[in-house]
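Going by our numbering, the final residue of the sequence shown carries number 1072, and the count climbs one at a time with no gaps.
Glycine is no exception: its CB is placed at the ideal position from the N, C-alpha and C atoms.
Note that the structure is predicted; figures quoted are calculated from it, not measured.
Contents: one structure, followed by commentary.
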Amino acid sequence: MKIVVSNTSPLRYLIQIGESDVLPQWFGKLFIPQAVFEELTHPHAPIVV
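The structure is reproduced here in structure tokens:
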């Protein structure tokens, strides 16, 4: 199983194009730092994110 740590950009763009479901197919687990979570859930992030 591959374990991946990601920053915001790839996650955000995969979510925006509706392809975030590929992540569990490619990787067993995906970890994001707290700062990435905060960026993805920030009020100024795109609604879809």
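| Item | Value |
| --- | --- |
| Beta-ladder partner(s) of Val1028, from DSSP | Phe1054 |
| Contact with chain C by Leu1037, beta-carbon distance below 9 Å | In the structure shown, chain C cannot be found, because there is only a single protein chain. |
| Reduced DSSP secondary structure (H/G/I, E/B, other) of Pro1066 | coil |
| Arg1035 CB to nearest heavy atom of the ligand ZN below 8 Å | Ligands in the displayed structure: none, and consequently the ligand ZN is not present. |
| Lys1025 versus Pro1066: straight-line alpha-carbon distance, rounded | 31 Å |
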